[in-house]
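Engineer: Got a structure for you, written out below as structure tokens; questions coming shortly.
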Amino acid sequence: MARVVWGLATSHVPSIGAAMDNHKTEDPYWKPLFDGYEPARRWLAEHKPDVAVIVYNDHANSIDLDMVPTFAIGTAESYAVADEGWGRRPVPPVKGAPELSEHLVTELIDSSFDITTIHRLDVDHGLTVPLSVAYPDPGQAWPCAVVPVLVNVIQYPQPTAARCYALGKALGRAIRSFPQDLKVAVFGTGGMSHQLAGARAGLINERFDRMFLEAVEGDPEALAALSREDYVREAGTEGIELIMWLVMRGALSDKILRVHDTYHVPASNTAAALALFEDLGDGEGAPA
Ligand code: DHB
Ligand code: FE
23 MARVVWGLAT
33 SHVPSIGAAM
43 DNHKTEDPYW
53 KPLFDGYEPA
63 RRWLAEHKPD
73 VAVIVYNDHA
83 NSIDLDMVPT
93 FAIGTAESYA
103 VADEGWGRRP
113 VPPVKGAPEL
123 SEHLVTELID
133 SSFDITTIHR
143 LDVDHGLTVP
153 LSVAYPDPGQ
163 AWPCAVVPVL
173 VNVIQYPQPT
183 AARCYALGKA
193 LGRAIRSFPQ
203 DLKVAVFGTG
213 GMSHQLAGAR
223 AGLINERFDR
233 MFLEAVEGDP
243 EALAALSRED
253 YVREAGTEGI
263 ELIMWLVMRG
273 ALSDKILRVH
283 DTYHVPASNT
293 AAALALFEDL
303 GDGEGAPA
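Residues 23 to 310, numbered by the working numbering, are exactly what the sequence shown covers, in order.
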């Protein structure tokens, strides 16, 4: 049977990818951020999964605002890297895991999460930057296949944090019921506090971010109890991306070990963080 082996939460700021693509990671602006990733990257290089389930949001690059699914899963054989206006990032295409994708769609729909199925999808910075954070030197191919799980965090009303946490639990159960013997990692992407436009553009709330970084390990229920308005008020209009970390946390078991975390302000307009958890569970998910 498949196992969930670790969970990684990370910001997905586009300029983190651009700094890597343009060899600027040693520049004074970027070096502290990338130094903070180092212990996690060393651990991840030793713990490669077969498949990464990456919970992310498309930023109107592949899914325009004509039709916005609340929750969706990609089921393709492969995913092209999206051109977001500056050409495609010079990173490998993303290999899919269609059998696992189809299994997750079926299991989640049977668990009353009415998932949209996406058969063709270009993946934007929301997915490729987290892959680069984990695997800075992929060469010709990423080290694992990917199942994209998409969450609407850009158009009101976003799903509640409680629903995202519940989705994560159902996702963890669905992964563990896949009959192939696969090591599966789960990424939760986006955050931490940031707001890109409007009167509060540039908002950073370190107090809230540090509370969230702590609670995502030991008290995710408290984070799931916050309303979408709480997230927007405390973390900003784009900081609500943090609800995707709760999908990742829900998929892990109760027994997790924090391998590493780091918090850095700013990366572009964002409070950037990474938190890596090994799943020590016995194959059981957290209680429903
Ligand atoms: C930035 C952050 C994001 O999460 C994003 O999707 C786009 C831009 C930023 O801080 O520049
Ligand atoms: Fe984003």
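Don't be surprised by glycine CBs; every beta carbon is placed ideally from N, CA and C. No experiment lies behind these values; they were computed from the predicted model shown.
1. How close, in whole Å, do the beta carbons of Leu-193 and Pro-91 come, if the pair is a contact with beta carbons under 8 Å?
2. Whole angstroms are fine: how far does the CA of Arg-280 sit from the CA of Asp-301?
3. Between Val-151, Ala-221, Gly-303, which lies nearest to Gly-258 when the distance is taken from Cα to Cα?
4. Kindly indicate which three-state DSSP category Pro-91 falls into: helix, strand or coil?
5. Between Met-42 and the rest of its own chain, which residues show a CB-CB distance below 7 Å, the 5 nearest in sequence each way excluded?
6. Any idea what DSSP makes of Ile-140, helix, strand or coil?
7. If you measure from each residue's Cβ to the nearest non-hydrogen atom of ligand 2, which ones come out under 6 Å, in chain order?
8. Does the count of Cβ pairs from the segment 137-145 and the segment 55-73 closer than 8 Å reach three?
9. For Leu-149 versus Ile-76, is the C-beta spacing smaller than 8 Å?
10. Would you check whether ligand 1 has a heavy atom nearer than 7 Å to the C-beta of Leu-153?
11. Quick one: does Ile-85 have its CB under 8 Å from some CB of chain D?
12. Between the segment 210-228 and the segment 252-269, are three or more C-beta pairs nearer than 8 Å?
13. Count Cβ pairs between the segment 268-277 and the segment 201-213 that sit closer than 8 Å; are there 3 or more?
14. Please tell me whether His-147 and Glu-106 are closer than 8 Å, where the distance is taken between their beta carbons.
15. Beta-carbon separation of Val-116 and Val-151 under 8 Å?
16. Output the boundary residues of the alpha helix (DSSP H) element that contains Leu-130.
17. How about Ser-319 and Met-214: do their beta carbons lie closer than 8 Å?
18. Less than 8 Å separating the beta-carbons of Ala-295 and Asp-241?
19. With a Cβ-Cβ cutoff of 8 Å, do Ala-183 and Leu-130 count as a contact?
20. By how many angstroms is the C-alpha of Trp-267 removed from the C-alpha of Cys-186?
21. In the structure shown, what three-state DSSP assignment does Arg-111 receive?
22. Could you check how far apart the C-beta atoms of Ile-95 and Pro-179 are, in whole angstroms? I think they sit under 8 Å.
23. For the alpha helix (DSSP H) that Lys-191 lies in, which residues bound it at each end?
24. Using CA coordinates, which residue listed in Ala-196, Ala-246, Ala-289, Val-238 is at the minimum distance from Ser-133?
Structural biologist: Short version:
1. Counting from one through the sequence shown, the residue named residue 193 turns up at place 171. Counting from one through the sequence shown, the residue named residue 91 turns up at place 69. Rounded, the Cβ-Cβ distance is 16 Å, inconsistent with contact.
2. Residue 301 sits at position 279 when you count from the first residue of the sequence shown. Residue 280 sits at position 258 when you count from the first residue of the sequence shown. Cα to Cα, Asp-301 sits roughly 9 Å from Arg-280.
3. Residue 258 sits at position 236 when you count from the first residue of the sequence shown. For Gly-258, the nearest C-alpha among the options comes from Ala-221.
4. Locating residue 91 in the sequence shown gives position 69, counting from the first residue. Correct three-state label for Pro-91: coil.
5. Residue mapping note: residue 42 aligns to position 20 of the sequence shown, counting from 1. Cβ neighbours of Met-42 beyond the five flanking positions: Ser-154, Pro-158.
6. What you label residue 140 is simply residue 118 of the sequence shown in a count that begins at 1. Ile-140: strand per DSSP, three-state reduction.
7. His-34, His-81, Gly-148, Gly-212, Glu-260, Glu-263
8. Note that the segment 137-145 does not touch the segment 55-73; fewer than 3 beta-carbon pairs, one per stretch, sit closer than 8 Å.
9. To locate residue 149, count along the sequence shown from 1; it is residue 127. To locate residue 76, count along the sequence shown from 1; it is residue 54. Between Leu-149 and Ile-76, the CB-CB gap stays under 8 Å.
10. Here residue 153 refers to the residue found at position 131 of the sequence shown. Not under cutoff, so the answer is no.
11. Absence of chain D from the displayed structure is noted, only one protein chain being present.
12. yes
13. Touching, yes, given that three or more Cβ pairs across the two stretches are closer than 8 Å.
14. Here residue 147 refers to the residue found at position 125 of the sequence shown. Here residue 106 refers to the residue found at position 84 of the sequence shown. Yes.
15. Translated into positions along the sequence shown, residue 116 becomes position 94. Translated into positions along the sequence shown, residue 151 becomes position 129. Taking 8 Å as the Cβ cut-off, Val-116 and Val-151 do not qualify as a contacting pair.
16. Within the sequence shown, the letter at position 108 stands for residue 130. Where Leu-130 is concerned, the enclosing alpha helix (DSSP H) stretches over 120-132.
17. Residue 319 lies beyond the residue range present for the chain, which begins at 23 and ends at 310; the question has no answer from this structure.
18. Residue mapping note: residue 295 aligns to position 273 of the sequence shown, counting from 1. Residue mapping note: residue 241 aligns to position 219 of the sequence shown, counting from 1. No, these two residues do not count as a Cβ contact at 8 Å.
19. Numbered from 1 along the sequence shown, position 161 holds the residue referred to as residue 183. Numbered from 1 along the sequence shown, position 108 holds the residue referred to as residue 130. No, the pair does not count as a contact, with Cβ atoms beyond the cut-off.
20. As a first step, residue 186 must be located in the sequence shown, where it is residue number 164. As a first step, residue 267 must be located in the sequence shown, where it is residue number 245. In a straight line, the C-alpha of Cys-186 is about 9 Å away from that of Trp-267.
21. Counted from its first residue, the sequence shown places residue 111 at position 89. It is coil, neither helix nor strand.
22. Here residue 95 refers to the residue found at position 73 when the sequence shown is read from its first residue. Here residue 179 refers to the residue found at position 157 when the sequence shown is read from its first residue. Wrong, their Cβ atoms sit about 21 Å apart, outside the cutoff.
23. The sequence position of residue 191 within the sequence shown is 169, counting from 1. Looking at the DSSP string, the run of the alpha helix (DSSP H) that includes Lys-191 is 183-198.
24. Here residue 133 is taken as the residue at index 111 of the sequence shown, counted from 1. That would be Ala-196, whose Cα lies nearest to the Cα of Ser-133.
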